[in-house]
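Residue numbering for the sequence shown follows this note's numbering, starting at 914 and increasing by one per position.
I have placed the structure first, in the form of structure tokens, so that the comments after it can refer back to it.
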Amino acid sequence: MTFKRKLLLAVLPFAFSLSMPASALDIKFAEIHPAGYPTVVAEQNMGKKLEQASNGQITFKMFPGGVLGSEKEVIEQAQIGAVQMTRVSLGIVGPVVPDVNVFNMPFVFRDHAHMRKVIDGEIGQEILDKITNSEFNLVALAWMDGGSRSLYTKKPVRKLEDLKGMKIRVQGNPLFIDMMNAMGGNGIAMDTGEIFSALQTGVIDGAENNPPTLLEHNHYQSAKYFTLTNHLILPEPVVMSKTTWNKLSPEQQALVQKVAREAQMEERALWDAKSAASEEKLKAAGVEFIAVDTKPFFDATAPVREKYGAQYADLMKRIDAVQ
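Following this line, the structure appears as structure tokens:
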């Protein structure tokens, strides 16, 4: 082989690589909530920012409505890098990263504003770091506002005693089952996608969540009573597969963190508007919103806070001190 031919063969791969764009990182973001839901909209906007700021080196595609599976299934996919990003309920994280259970405890936040101040500050970052530094194989980037959770049922709950014996869906976390049982109900763990048919068939008598979820998942068709217990005010982390995270350059990692934090702030404005609009639509559809004295519910769940909160006593004091 001539020297000229050898040189040509050596140069061709290099020339070819120059003519091709560097390989892009494709991000699939999975969501159980439908298109138009506040978290989905904020996350889609985050994806647009990622694509633009990375000059196309990061591409983003949203998969809403649970098309890639339940939250549990999506987390398992994210842990191995098959799904790159998702938003996850803390109820599912709790059994794997116990420290997040401090946010999962009933009535740990005074109100919605208190919760937001906590997640925006050092305590919120500490919990994100706990998730990132665990064996979960996920990097926790920011918080979405999951709203204030109350009861929605097929028969009205106007006082604590009315809940006795009712089968109420909760997220799959022993803490939430104990919480519902302490209030007199019968906590039934199941995925979000199963609630609609379970309500219709009488497998459950109700569930606990927020007005947008009651509306967007059509649970109001069976559950016409929304009892304002506000027993949980749950932030929800946006996470990235650690496998994906490790493929990013330091500059790209900083970009992902920046746009995720911006999504955190954008989503809460979307949430407030959606929550108010959802309440009006639900009332128009015949859902009765029931104001109750929450102190009996608070008192009934004291043993749950004592059982699960003992190891977080100092952290709970810090949360309570946030003004």
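Glycine included, each C-beta is placed from N, C-alpha and C at the ideal position.
* Asked: Does the separation of the CB atoms of Tyr1065 and His1130 fall below 8 Å?
  -> no
* **As assigned by DSSP and simplified to three states, the class of Glu1107** => helix
* Asked: With DSSP run on the structure shown, which of helix, strand or coil describes Val1116?
  -> coil
* Asked: What separation, rounded to the nearest whole angstrom, lies between the Cα atoms of Gly1098 and Asn1123?
  -> 18 Å
* **Collapsed DSSP secondary structure at Ala937 in the structure displayed** => coil
* Candidates Met1028, Met1178, Pro1011, of which the one nearest Ala1234 by Cα -> Met1028
* Distance CB(Ala1055)-CB(Arg1174) smaller than 8 Å -> yes
* Asked: Which value, in whole angstroms, describes the spacing of the CA atoms of Glu1074 and Ala1095?
  -> 11 Å
* **Alpha carbon of Phe1210 to alpha carbon of Val954, nearest angstrom** => 34 Å
* **For Glu1201, the first and last residue of its enclosing beta strand (DSSP E)** => 1201-1204
* Below 8 Å on the Cβ atoms is my guess for Val1169 versus Leu1161; work out the distance and round it to an integer in Å. => 7 Å
* Using the rule of at least 16 other Cβ atoms within 10 Å of the residue's Cβ for burial, across every protein chain shown, is Asp1206 buried or exposed? -> exposed
* Asked: In three-state terms, what does DSSP make of Met1229?
  -> helix
* Asked: For Tyr1225 versus Val1006, is the C-beta spacing smaller than 8 Å?
  -> no
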